[in-house]
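Going line by line, the protein sequences match chains A and B. The numbering used here puts the first residue of the first sequence at 1, with every later residue one more than the last. The numbering used here puts the first residue of the second sequence at 1001, with every later residue one more than the last. Glycine included, each C-beta is placed from N, C-alpha and C at the ideal position. Take a look at the structure below.
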Amino acid sequence: MFLEINDLHHIYMPGTPFEVKALKGVSFSVHHGEFVGIMGGTGSGKSTLLQHLNGLLEPTRGTVCVNGEYLGEKSKKPKNRSTRSLKELRTRIGMVFQYPEHQLFAENIYQEVAYGPINQGLSIEEVEIRVKQALSQVALDYEELKERSPFQLSGGQMRRVALAGVLSMEPEALILDEPTSGLDPQGRRELLKYVEALHRDKGLTVIMVTHHPQELLNRADRILVVHCGEIQLSGTPREVFSCPEKLKQLDVEMPAPVQLAEELRQKGYPLRRGLITEDEVCEEIVRVVPSLHEGRG
Amino acid sequence: MENMKPLIKAIKAGYQYGSPSGPITALEGVDLTISPGEHVALIGPNGSGKSTLLKLFNALLYPTTGEMLVSGRDTSDPDALWEIRRDCGMVFQNPDNQIVATTVEEDVAFGLENLQVPTAEMRERVDEALETMELSDWAQHAPHLLSGGQKQRVALAGIMAMRPRCLLLDEATSQLDPREKSEVMQILQHLNRKEGIALINVTHFLEEAALADRVIVLYRGEIVKDGFPYTILDDSKELGKWCLEPPPAAKLAKNLKNRDAPISSGVVTMEKLVEQICSWK
Chain A
1 MFLEINDLHH
11 IYMPGTPFEV
21 KALKGVSFSV
31 HHGEFVGIMG
41 GTGSGKSTLL
51 QHLNGLLEPT
61 RGTVCVNGEY
71 LGEKSKKPKN
81 RSTRSLKELR
91 TRIGMVFQYP
101 EHQLFAENIY
111 QEVAYGPINQ
121 GLSIEEVEIR
131 VKQALSQVAL
141 DYEELKERSP
151 FQLSGGQMRR
161 VALAGVLSME
171 PEALILDEPT
181 SGLDPQGRRE
191 LLKYVEALHR
201 DKGLTVIMVT
211 HHPQELLNRA
221 DRILVVHCGE
231 IQLSGTPREV
241 FSCPEKLKQL
251 DVEMPAPVQL
261 AEELRQKGYP
271 LRRGLITEDE
281 VCEEIVRVVP
291 SLHEGRG
Chain B
1001 MENMKPLIKA
1011 IKAGYQYGSP
1021 SGPITALEGV
1031 DLTISPGEHV
1041 ALIGPNGSGK
1051 STLLKLFNAL
1061 LYPTTGEMLV
1071 SGRDTSDPDA
1081 LWEIRRDCGM
1091 VFQNPDNQIV
1101 ATTVEEDVAF
1111 GLENLQVPTA
1121 EMRERVDEAL
1131 ETMELSDWAQ
1141 HAPHLLSGGQ
1151 KQRVALAGIM
1161 AMRPRCLLLD
1171 EATSQLDPRE
1181 KSEVMQILQH
1191 LNRKEGIALI
1201 NVTHFLEEAA
1211 LADRVIVLYR
1221 GEIVKDGFPY
1231 TILDDSKELG
1241 KWCLEPPPAA
1251 KLAKNLKNRD
1261 APISSGVVTM
1271 EKLVEQICSW
1281 K
């Protein structure tokens, strides 16, 4: 098991009038090599949850265990963890924040992508190999770009450089917080393609937060829906997207075909449930709707 | 309507910004007229110049070539600056970047304070703006503890209090969840239809663009298309040239059409699609 979270609670500003219970007993686990999607409305607690996964926050109660090691001083680990092992953990779990391009800082793209591996203490030669590899994983040309300032790139390219800066540490897992927000359709498609390739070919564990159901539809093994600090729904994309009423309550967008089927159902068309792709829903509509209209005369 | 002065008029407007490797052209030769009360969606891939154009509309940037007129005033005229920014209020993508005060009502009053509006009138306008944005119950709350959608409504309320003629929205709903997104869009559409406030919406979500009266496509700094949503957003081949793709409803409509379903062309919203399916004979 790669990640095990047990009865995780997080309270911001406890004991003050501003106390917020952001997580209220979250438990789940993620296997090595799994692709898990996390969905939920704003304020649902998903960002808080994410920050627990590489030790940026400490549990108020409960435990977070990565690869058999417990995170956080307040965890039920016999001895407190040293900061050194936390640092090591963060190289093993690559965290890609929202708008990661805002965190770019280096003079040129080489230095940007090399920053992580240099801090891991790798040799100059090893660092160079890592940088080359990481840039190629996001389809950026090493020779062309290594000397260039990251700030001269387009938004989509800057985001790929930021992703390369995480990949150069050769993490075992990628945690992505809304990785496609602000990108145009082509940029979104490309970014997801790289993530998918890393998952499929390199066996990376992927945990991805998104508001867009179609991004998880054919990619995620499992989807967790967080609402009011709790996991309210989990299962395969098919299982999760087959509950349109529930998704609505949980402030989660449903895939467009599911939404269409649901609206037609509300107009009285008895479409079968559990259909989630465009083809499935359209086939069902063509099967059901005309015959009903004929019946009405 | 005919002799109504345009809200925005761009005459061969262009914008270049400097970079270490020389000037980069973000916009070129933009000729454009937007009338009061229009709802315009501005779409295009990353780097096409959408946000730059929006910033030219309220004098956050000035055109480096050509002219930009807002309510008939040249945006490069320093004396017109405040009026232009009052007429055209901007809402950015990230609500956290545009909140300045410690309570919601103070934040909403910020613009009015700068305009030196008398206290009694300020009170009235703030209350009215809070009510429009359905935030009256939150007036005394600290804005940073609100949800993303609420914060974005606070930002909108701050602009509404200035009684603008036009709202400039720079991906203003992109960080909101679906419920908040539809709440904000509903309020905006209401303001547009009932109060005649023009909306200029920069968005990557073509389902949002489909709600506009007019769609303008920018590509590499130039306007490449300007027309009705139902003609532009339906054409996947052409959209593809600009790195865009049709909204989900248009894709579903096409899929149904390929199955010989009687769907007319130009269906780009879910509402229209449902309507069409229900009227099959």
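- B/Gly1066 places its beta carbon less than 8 Å from that of B/Ala1013.
- Neighbours of B/Ile1277 in chain A, taken as residues at a C-beta separation under 7 Å, are given in chain order as Leu264, Ile285, Val289.
- Residue pairing by DSSP places B/Glu1067 opposite B/Ile1011 in a beta bridge.
- Ranked by Cα distance from A/Val286, the options B/Lys1254, B/Thr1103, B/Cys1243 are led by B/Lys1254.
- In this structure, the beta-carbon distance from A/Val226 to A/Ser27 does not fall below 8 Å.
- Counting other Cβ atoms within 10 Å of its Cβ, A/Glu278 reaches 16 or more and is therefore classed as buried.
- A/Gln249: member of the alpha helix (DSSP H) spanning 244-249, first to last residue.
- The distance from the Cβ of B/Leu1218 to that of B/Gly1049 is about 5 Å, consistent with a contact at the 8 Å cut-off.
- Using a Cβ distance threshold of 8 Å, A/Val113 and A/Ala139 do not count as a contacting pair.
- In summary, B/Ala1120 is exposed, with fewer than 16 beta-carbon neighbours lying within 10 Å of its beta-carbon over all protein chains present.
- For A/Leu145, no chain B residue has a Cβ inside 7 Å of its Cβ, as the nearest lies near 13 Å away.
- Secondary structure of B/Thr1052 (DSSP, three-state): helix.
- Look at B/Asp1074 here: in three-state DSSP terms it is strand.
- Contact check for A/Pro257 against A/Val281 passes: the beta carbons are separated by less than 8 Å.
- Counting only runs of at least 3 residues, the segment 79-128 of chain A fully encloses the following beta strand (DSSP E) elements, listed from N- to C-terminal order: 93-96.
- The DSSP-derived three-state label of A/Arg61 is strand.
- Taking B/Ser1264 as reference, the option from B/Tyr1230, B/Gly1158, B/Gln1098, B/Val1040 with the minimal CA-CA separation is B/Tyr1230.
- Contacts with chain A at 8 Å (Cβ-Cβ) do not include B/Lys1237.
- Within the same chain, Tyr99, Gly155 come within 7 Å of A/Gly182 by CB-CB distance, once the 5 residues on both sides are set aside.
- At a beta-carbon threshold of 8 Å, the residues of chain A lying near B/Val1274 are Leu260, Glu263, Leu264, Lys267, ordered along the chain.
- Residue environment analysis places B/Trp1242 among the buried positions, since at least 16 neighbouring C-beta atoms fall within 10 angstroms of its C-beta.
- Using a CB distance cut-off of 8 Å, B/Trp1280 counts as an interface residue toward chain A.
- When secondary structure is reduced to three states using DSSP, B/Asn1058 falls in the coil class, being assigned neither helix nor strand.
- The C-beta of A/Asp184 has 16 or more other C-beta atoms within 10 Å across all chains shown, which makes the residue buried.
- In the DSSP assignment, A/Val20 falls within the beta strand (DSSP E) that extends over 20-30.
- Under the Cβ criterion of 8 Å, B/His1204 is counted among the residues facing chain A.
- Listed in chain order, the beta strand (DSSP E) elements of length 3 or more contained wholly in the segment 1078-1151 of chain B are 1088-1091.
- Taken in chain order, the members of the segment 1033-1054 of chain B whose beta-carbon sits within less than 7 Å of a beta-carbon on chain A are Pro1045, Asn1046, Gly1047.
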